[in-house]
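Numbering (our numbering), first residue to last: 13 to 164.
Notes for the one structure printed next.
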(Lines of atoms letter the chains of each structure in order from A and count residues from 1; the text may use other names and numbers.)
(Lines give C-alpha, C1' and ligand atoms only; values in the text may rest on other atoms or scores of the structure.)
Protein backbone atom coordinates (compact mmCIF):
# COMPACT_ATOMS: atom_id res chain seq x y z
CA UNK A 1 0.00 0.00 0.00
CA UNK A 2 2.89 2.35 0.79
CA UNK A 3 4.33 1.97 -2.73
CA UNK A 4 0.91 2.61 -4.28
CA UNK A 5 0.45 5.69 -2.10
CA UNK A 6 3.88 7.06 -3.12
CA UNK A 7 3.15 6.37 -6.79
CA UNK A 8 -0.23 8.04 -6.55
CA UNK A 9 1.39 11.10 -4.98
CA UNK A 10 3.77 11.31 -7.97
CA UNK A 11 0.75 11.23 -10.30
CA UNK A 12 -0.92 14.03 -8.33
CA UNK A 13 2.24 16.13 -8.49
CA UNK A 14 2.50 15.55 -12.26
CA UNK A 15 -1.14 16.64 -12.71
CA UNK A 16 -0.71 19.83 -10.68
CA UNK A 17 -0.07 22.17 -13.64
CA UNK A 18 -3.21 20.89 -15.39
CA UNK A 19 -5.25 21.29 -12.19
CA UNK A 20 -3.92 24.83 -11.79
CA UNK A 21 -5.02 25.69 -15.35
CA UNK A 22 -8.50 24.29 -14.73
CA UNK A 23 -8.65 25.95 -11.32
CA UNK A 24 -8.32 24.31 -7.93
CA UNK A 25 -11.55 25.90 -6.72
CA UNK A 26 -13.46 24.48 -9.71
CA UNK A 27 -12.03 21.01 -9.02
CA UNK A 28 -12.64 20.99 -5.25
CA UNK A 29 -16.14 19.47 -5.19
CA UNK A 30 -15.68 16.69 -7.77
CA UNK A 31 -12.20 15.71 -6.56
CA UNK A 32 -13.30 15.75 -2.89
CA UNK A 33 -16.26 13.50 -3.79
CA UNK A 34 -13.99 10.94 -5.47
CA UNK A 35 -11.45 11.19 -2.64
CA UNK A 36 -14.18 10.69 -0.02
CA UNK A 37 -15.41 7.56 -1.82
CA UNK A 38 -11.98 5.99 -2.39
CA UNK A 39 -10.38 6.84 0.94
CA UNK A 40 -13.61 6.13 2.80
CA UNK A 41 -13.74 2.60 1.40
CA UNK A 42 -10.03 1.89 1.87
CA UNK A 43 -9.23 3.70 5.13
CA UNK A 44 -12.56 4.73 6.69
CA UNK A 45 -11.39 8.30 6.00
CA UNK A 46 -13.15 11.17 7.77
CA UNK A 47 -12.09 13.83 5.21
CA UNK A 48 -10.43 16.09 7.74
CA UNK A 49 -8.62 17.90 4.92
CA UNK A 50 -5.22 17.22 6.49
CA UNK A 51 -4.54 13.59 5.68
CA UNK A 52 -1.93 11.88 7.83
CA UNK A 53 -2.33 8.33 6.47
CA UNK A 54 1.23 8.11 5.19
CA UNK A 55 2.48 9.09 8.64
CA UNK A 56 0.12 6.90 10.66
CA UNK A 57 0.59 3.43 9.24
CA UNK A 58 -2.24 4.00 6.72
CA UNK A 59 -4.70 4.20 9.63
CA UNK A 60 -6.87 7.34 9.80
CA UNK A 61 -6.29 8.96 13.21
CA UNK A 62 -9.61 10.80 12.93
CA UNK A 63 -11.32 7.47 13.64
CA UNK A 64 -10.12 7.78 17.22
CA UNK A 65 -13.21 8.75 19.27
CA UNK A 66 -11.05 11.37 20.98
CA UNK A 67 -9.69 12.63 17.62
CA UNK A 68 -6.12 12.19 18.84
CA UNK A 69 -3.62 12.83 16.02
CA UNK A 70 -0.34 12.14 17.84
CA UNK A 71 -0.66 8.79 19.52
CA UNK A 72 -2.89 6.80 21.82
CA UNK A 73 -4.52 8.15 24.94
CA UNK A 74 -3.68 6.71 28.32
CA UNK A 75 -6.76 4.52 28.27
CA UNK A 76 -5.84 1.87 25.72
CA UNK A 77 -7.04 -1.43 27.12
CA UNK A 78 -4.72 -4.38 27.68
CA UNK A 79 -6.22 -6.15 24.66
CA UNK A 80 -5.37 -3.15 22.43
CA UNK A 81 -8.94 -1.90 22.29
CA UNK A 82 -10.36 1.58 22.71
CA UNK A 83 -11.17 3.06 26.10
CA UNK A 84 -14.30 4.78 24.76
CA UNK A 85 -15.61 1.90 22.62
CA UNK A 86 -14.30 -1.35 24.16
CA UNK A 87 -15.37 -3.43 21.14
CA UNK A 88 -13.24 -1.29 18.79
CA UNK A 89 -9.49 -1.87 18.31
CA UNK A 90 -7.53 1.26 19.22
CA UNK A 91 -6.83 3.29 16.08
CA UNK A 92 -3.32 4.01 17.32
CA UNK A 93 -2.50 0.38 18.05
CA UNK A 94 -3.47 -0.34 14.43
CA UNK A 95 -1.46 2.68 13.28
CA UNK A 96 1.71 1.50 15.00
CA UNK A 97 1.22 -2.02 13.61
CA UNK A 98 0.83 -0.56 10.12
CA UNK A 99 3.84 1.72 10.56
CA UNK A 100 6.04 -1.24 11.48
CA UNK A 101 5.35 -2.72 8.04
CA UNK A 102 6.21 0.52 6.22
CA UNK A 103 9.60 1.63 4.95
CA UNK A 104 8.89 5.15 6.19
CA UNK A 105 7.22 3.85 9.35
CA UNK A 106 9.30 6.06 11.63
CA UNK A 107 7.22 9.01 10.39
CA UNK A 108 4.57 7.94 12.89
CA UNK A 109 6.72 9.65 15.52
CA UNK A 110 6.45 13.02 13.74
CA UNK A 111 4.18 15.40 15.61
CA UNK A 112 1.07 16.25 13.62
CA UNK A 113 -0.20 19.83 13.82
CA UNK A 114 -3.56 20.44 15.50
CA UNK A 115 -6.50 19.83 13.22
CA UNK A 116 -7.80 22.88 11.34
CA UNK A 117 -11.54 22.30 11.31
CA UNK A 118 -11.99 24.85 8.51
CA UNK A 119 -10.49 22.27 6.12
CA UNK A 120 -12.98 19.50 6.96
CA UNK A 121 -14.39 18.00 3.76
CA UNK A 122 -11.69 19.56 1.56
CA UNK A 123 -9.56 17.49 -0.78
CA UNK A 124 -6.12 16.60 0.51
CA UNK A 125 -5.25 15.39 -2.99
CA UNK A 126 -5.63 18.94 -4.33
CA UNK A 127 -3.59 20.24 -1.40
CA UNK A 128 -0.79 17.83 -2.36
CA UNK A 129 -0.97 19.12 -5.93
CA UNK A 130 -0.74 22.74 -4.77
CA UNK A 131 1.97 22.15 -2.17
CA UNK A 132 4.24 19.71 -4.00
CA UNK A 133 3.41 20.08 -7.68
CA UNK A 134 3.66 23.79 -8.28
CA UNK A 135 6.65 26.08 -7.95
CA UNK A 136 6.47 28.49 -5.04
CA UNK A 137 5.05 31.89 -5.90
CA UNK A 138 7.63 34.56 -6.68
CA UNK A 139 8.53 36.92 -3.85
CA UNK A 140 6.66 40.22 -3.84
CA UNK A 141 8.21 43.07 -5.78
CA UNK A 142 9.95 45.60 -3.55
CA UNK A 143 8.09 48.86 -3.27
CA UNK A 144 9.57 51.52 -5.50
CA UNK A 145 10.59 54.78 -3.92
CA UNK A 146 9.51 57.95 -5.65
CA UNK A 147 12.32 59.28 -7.81
CA UNK A 148 14.32 62.05 -6.22
CA UNK A 149 13.80 65.35 -7.96
CA UNK A 150 16.94 67.29 -8.78
CA UNK A 151 17.48 70.42 -6.73
CA UNK A 152 16.73 73.61 -8.63
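A virtual CB, placed ideally from N, CA and C, is assigned to each residue, including glycine.
The model shown is predicted, which means the values in this text are computed figures rather than measured ones.
Tell me whether the beta-carbon of residue 110 lies closer than 8 Å to the beta-carbon of residue 66. No. Outside cutoff.
Here's the rule: buried if 16 or more other CB atoms are within 10 angstroms of the residue's CB, otherwise exposed. What is residue 34? By the 10 Å Cβ count, residue 34 comes out exposed.
Could you tell me which of 145, 151, 136 and 85 sits nearest to residue 45, measuring between CA atoms? The shortest Cα separation from residue 45 among 145, 151, 136 and 85 belongs to 136.
Measuring alpha carbon to alpha carbon, tell me which residue in 16, 25 and 19 is nearest residue 141. Checking every option, the nearest Cα to that of residue 141 belongs to 25.
Is there a Cβ of chain C sitting closer than 8 Å to that of residue 28, yes or no? The displayed structure is made up of one protein chain only, and chain C is not part of it.
Residues near residue 100 in its chain [Cβ-Cβ closer than 7 Å; skip 5 each side]: So the list reads 93 and 94, once near-sequence residues are dropped.
Closest to residue 91 by CA distance: which of 81, 104, 80 and 79 is it? Closest by alpha carbon: 104.
DSSP three-state call for residue 101: helix, strand or coil? If DSSP states are grouped into helix, strand and coil, residue 101 belongs with the strands.
Which same chain residues end up closer than 7 Å to residue 81 when comparing Cβ atoms and leaving out the 5 residues on each side of it in sequence? Cβ within range, chain order: 64, 73, 124 and 127.
Identify, in the order they occur along the chain, each residue of the same chain with its Cβ nearer than 8 Å to the Cβ of residue 106, setting aside the five sequence neighbours on each side. Closer than 8 Å at the Cβ level, and outside the excluded window around residue 106, lie 69 and 71.
For residue 61 versus residue 133, is the C-beta spacing smaller than 8 Å? Yes, they are a contact pair.
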